[in-house]
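All remarks here apply to the structure that follows.
Chains as they are written, first to last, in our numbering: chain L, 259 to 601; chain Z, 259 to 601.
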């Protein structure tokens, strides 16, 4: 993507370091950070300098490459893999990327591993960008406005290029629609408690896509009053039967979409499908620090000492999902539908 | 209620002025404000120094009394009534209270109106406190824990004593349960964009009621995972057929409660029932300044120039409401059920 005329990805290699955009500073400031060790990468993932299931996977691959450059032994690779896998439990792309890297590195002798690791990590980044572009192509036909000139899309959290390497998942069809001259308007839900809706608003603003921010609480009203043509979200994990773990609050939007007959699509690369899990209740749901709910930018939002719980994700049952938009097509959120995508 | 050992109501008369708690300053500071004119009262309602459907009604009655003290003419009363009715459109208690006051004042000559007005306003405050206590009595049997020792309640926004004169509506049964030794735990939803969940956390903390704050987005997860026994919310308007306008986000919680077979009760005084409106889609939904979404306590939450929409309420259809808890009993959210309460 272009940001103020400058081409950007969410992650790249330069001067021997892995560079990322520090997303904690957005939307106020566009600041990059250089990560030099696997520990740097693990911290950046855990503390959410970067986030988004596809990007977490690609970043973890780069973390492994940094580890291998330092020490290419089997033991060092296992240590680095364990460190990265422990950062965030819900997104399956992280495990997928680490497993891919481990398999590739096991096939070459230690002396050749650093070169292999960086090549594989970079290839993974390039592949992710292409995958997301294809998700855009596959999802574009879903953006139909009926008799209106403009398609009204509701999205949740940030599933744009900041959450991937380029293009994004849920936003890829939106960007493609914009490129091809189709009028779109995006309702952006705030996405408490970490307000990733602000990242989506920033992305869409930079790309010139019309959008409006709303409180998460307003999404039922939007759907009830017929102001949304299609709901389009990303995913952190899709199970073999089509249950979807995504940013907490996704489930409520899916319930409201169903109640009002509005299609609810999940956009995700095939690497987000976890064929090893069936029922979504088996997905580990990350619980983060309650201070994400009780504090914001140094301001206390609740009385001193208020207890808070803070689940980062929820599970939307397959029955509420109109389809899964992948790089190889839109499939039903069913065992049969997803099985078609299995490699 | 007692706050740090001192008896409090949310509104009282002293030294010839109407005193309120400035709820914009909570939960950080307990600060009171003296209102001397109807214009003061109208501003306090519009700018949400005070809020909550029952309290808005009682405050408006006091505003009319202040106006009448200044000028008891019919014209002055009509001007004051129009000013107050224009502050906030959704809560029906406001109109109810103004109409009650107008009728009472029309029955007495101008010279007697100030005395009548203050007496009626104070009587309305006392009646509201008693009404809320009765709502507590009526609602208490709904707080059943099954086999657990503790009833787990989910509430939204603030429907406690800060939203009424004393006791509150949805929280009245909770306070009564606590008084009578029944173990309760309250899930408090943050209630973006104005974070009235913090008021509820503050109230419950002062009363020693165990509670936990969660993002609004987490409520689907809570209900899906069986962590809630009953949902209990207030209302700004209940229509003749049982549709319920309440704080935006209520509808999403009702959908999730229904999806998981958890009862969803609305607690409100009979004055909240608008027998003149059937379908909830006819209720005017207040839209507030988008900056409530894009800014918080001086911090920008979205990129400069981001458009935002900010509906303050939504409508939960009667079919999702397990019952309406009033001072005269718990009735079904149906025309027949509500008709029984008509005076």
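For glycine and all other residues, C-beta sits at the position ideal for the given N, C-alpha and C.
The contact set of residue 568(Z) on chain L, defined by CB atoms closer than 8 Å, consists of 472, 473, 476 in chain order. With contact defined as three or more Cβ pairs closer than 8 Å, the segment 369-384 of chain L and the segment 319-336 of chain L are in contact. Counting of Cβ neighbours within 10 angstroms places residue 539(Z) among the exposed residues, the total staying below 16. Between the beta-carbon of residue 325(Z) and that of residue 335(Z) there is about 7 Å, and that keeps the pair under the 8 Å contact cut. Comparing alpha-carbon positions, the option among 309(L), 348(L), 343(L), 455(L) lying closest to residue 360(L) turns out to be 343(L).
Under a criterion of Cβ atoms nearer than 8 Å, no residue of chain Z is adjacent to residue 320(L); the nearest Cβ is some 28 Å distant. Burial is judged here by how many other beta carbons sit within 10 angstroms of a residue's own beta carbon; residue 404(L) has fewer than 16 and is exposed. The C-alpha of residue 465(L) is placed about 20 Å away from the C-alpha of residue 400(L). Just measuring C-alpha positions, the residue of 408(Z), 501(Z), 556(Z) sitting nearest residue 530(Z) is 501(Z). For residue 572(Z), the three-state secondary structure derived from DSSP is strand. Considering only beta carbons, the part of the segment 493-507 of chain L lying closer than 8 Å to chain Z consists of 505, 506, 507, in chain order.
Contacts with chain L (Cβ-Cβ distance below 9 Å) from the segment 536-563 of chain Z involve 539, 543, 548, 550, 551, 552, 554, 555, 556, 557, 558, 559, 560, 561, 562, 563, listed in chain order. In this model, residue 412(L) and residue 295(L) are separated by some 38 Å (Cα to Cα). According to DSSP, residue 447(L) shares a beta bridge with 472(L). Cβ neighbours of residue 349(L) within its own chain (closer than 6 Å, five residues either side excluded): 311, 314, 494. The beta carbon of residue 509(L) falls within 8 Å of a beta carbon belonging to chain Z, placing the residue at that interface. For residue 443(L), no Cβ of chain Z is located within less than 8 Å of the residue's own Cβ. Taking a 10 Å sphere around the C-beta of residue 580(L), we find 16 or more other C-beta atoms and assign the residue as buried. In the structure shown, the three-state DSSP call for residue 337(L) is helix. Residue range 275-279 is occupied by the beta strand (DSSP E) that includes residue 277(L), with no alpha helix (DSSP H) assigned at that position. In the structure shown, residue 492(Z) adopts coil according to DSSP, grouped into three states. Taking 8 Å as the threshold, the shortest C-beta distance from residue 479(Z) to chain L falls below it. Annotated as distal: residue 480(Z) and residue 455(Z), with beta-carbon spacing of 8 Å or more. With respect to residue 578(Z), residue 589(Z) sits apart: the two C-beta atoms are not nearer than 8 Å.
Interface flag for residue 280(L) against chain Z is unset, since no Cβ pair is found closer than 8 Å.
By the criterion of a C-beta distance shorter than 6 Å, residue 304(Z) is surrounded in its chain by 345, once the five residues flanking it on both sides are discounted. Runs of the alpha helix (DSSP H) lying entirely within the segment 355-409 of chain L and spanning at least 4 residues, in chain order: 368-397. Interface flag for residue 450(L) against chain Z is set, since a Cβ pair is found closer than 8 Å.
Residue environment for residue 594(Z): exposed (fewer than 16 other C-beta atoms within 10 angstroms of its C-beta). Look at residue 270(Z) here: in three-state DSSP terms it is strand. For residue 269(L), the closest C-alpha among the options 285(L), 309(L), 287(L), 340(L) is that of 309(L).
Within the DSSP bridge table, the entry for residue 504(L) names 572(L) as partners.
Interface flag for residue 285(L) against chain Z is set, since a Cβ pair is found closer than 8 Å. Only residues of its own chain outside the window of five on either side were considered, and among them 319, 378, 382 have a CB closer than 8 Å to the CB of residue 358(Z), listed in chain order. The count of Cβ pairs closer than 8 Å, one atom from the segment 417-427 of chain L and one from the segment 385-399 of chain L, reaches three, so the stretches are in contact. For residue 293(L), no alpha helix (DSSP H) encloses it; the enclosing beta strand (DSSP E) starts and ends at 290-293.
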